[in-house]
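Since the structure comes first, as structure tokens, the remarks are kept for the end.
In the numbering used here, the protein residues as written are 1 to 295.
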């Protein structure tokens with residue numbers, strides 16, 4: 001099942017997904033459940049160390065690592081989601097100037113004594129000469145013997161990404177086909193206000209879904225700007241925290257999924273805890289508890 005590559009990680013915490021893996025051949029594999037770095041932080045620091053997510057009987061721990069300039073270089077996810085084991089590592093390789101040039105996601109097999117690669121995808125990020133704004137990325141997957149490819153393009157207005165377009169190809173087809181497009185808007189504080197998702201199943205753009213963010217006035221634990229589109233998701237673009245996300249089905253009139261968060265903050269005005277609820281049309285709701293740790 002294909003997934004919108006840039007869809008917000010807040011939504012993915014509550015809705016199960018089958019994400020494709022991204023892997024590089026020169027990586028040293030970590031054994032399952034090994035954290036990126038020892039967790040020594042508490043709730044009073046300023047550099048995000050980990051987030052522990054609790055929902056029903058599921059627990060996911062997201063851990064973060066940084067370079068000497070405190071730029072994000074790794075995220076790991078370990079735990080249980082919908083009864084399934086999760087053991088995933090994302091690596092963000094930077095050049096000497098700090099730009100992300102390669103992305104990696106490794107999804108380990110948790111049934112073997114020694115972890116093995118699952119599906120693999122290579123991702124390369126391109127920048128025009130002299131520019132800090134990436135204009136496209138190429139991903140190549142190896143899944144069940146086939147090698148589908150994605151080409152993702154980025155368009156900007158005033159140095160903010162306002163359109164993302166994805167093109168898909170596989171080993172049996174010639175050329176690329178447009179798979180989806182997302183148009184973005186921003187609020188006065190530079191947070192991403194929302195997006196409109198268009199699909200191209202009929203060859204022309206059809207509005208499939210629309211989502212809207214609402215924010216608090218406190219500091220986000222990770223302010224990634226445009227890099228959020230390459231790393232953790234759109235909710236980390238701006239400087240504030242998402243308190244609600246409403247996603248509306250525009251094709252099937254299926255109603256709206258509403259995710260709402262209530263935060264508690266530490267002395268530095270960063271999130272310390274969050275209680276979330278996701279409400280699904282006709283399916284009830286699901287609760288989520290987040291605890292933030294800093295170093």
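Note that the Cβ used here is the ideal one computed from N, Cα and C, for glycine as well.
All values reported here derive from a predicted model rather than from experimental measurement.
Point to revise | Three-state secondary structure assigned by DSSP to residue 281 | key: coil
Point to revise | Close beta carbons around residue 282, own chain, < 6 Å, minus the five adjacent residues each side | key: none
Exercise for review: Let me know if residue 276 comes out buried or exposed under the rule of 16 or more other beta-carbons within 10 Å of its beta-carbon.
Suggested key: buried
**Study point:** Span separating the alpha-carbon of residue 39 from that of residue 259
**Key:** Note that residue 39 has pLDDT 38, beneath the 50 cutoff, so the model's placement of it is unreliable and the number below is only indicative. Roughly 29 Å separates the two Cα atoms.
Check your understanding: In the structure shown, what three-state DSSP assignment does residue 83 receive?
Key -> coil
Check your understanding: With distances taken between CB atoms, is the gap from residue 292 to residue 101 smaller than 8 Å?
Key -> no
Check your understanding: With respect to the beta strand (DSSP E) encompassing residue 157, which residues constitute its N-terminal and C-terminal limits?
Key -> 149-157
Review point. Per DSSP, what kind of secondary structure is residue 287 in: helix, strand or coil?
Key: strand
Review point. According to DSSP, which residues form a beta bridge with residue 166?
Key: 152 and 180
Check your understanding: In terms of residues, what are the limits of the beta strand (DSSP E) holding residue 102?
Key -> 100-107
Review point. Rounded to whole angstroms, how far is the Cβ of residue 212 from the Cβ of residue 178, which I believe are closer than 8 Å?
Key: With 8 Å as the limit, residue 212 and residue 178 do not qualify as a contact, their Cβ atoms being about 24 Å apart.
Check your understanding: With burial defined as no fewer than 16 other Cβ atoms inside 10 Å of the residue's Cβ, what is the status of residue 254: buried or exposed?
Key -> exposed
Exercise for review: Determine the closest residue to residue 96 out of 77, 108, 67 and 229, with distance taken between C-alpha atoms.
Suggested key: 67
**Study point:** Secondary structure of residue 195, DSSP reduced to three states
**Key:** strand
**Study point:** Spatially closest choice to residue 45 from 285, 270 and 288, by CA coordinates
**Key:** 270
Practice item. Would you mind listing the beta strand (DSSP E) stretches within the stretch 242-281 that are 3+ residues and don't spill past its ends, in chain order? Key: 242-249, 256-265 and 271-280
Check your understanding: What distance in whole Å lies between the Cβ atoms of residue 133 and residue 189, which are believed to be in contact at a cut-off of 8 Å?
Key -> Their Cβ separation, rounded to whole angstroms, is 21 Å, which puts residue 189 and residue 133 out of contact at 8 Å.
Exercise for review: Tell me, please, which residues DSSP counts as bridged to residue 50.
Suggested key: 63 and 293
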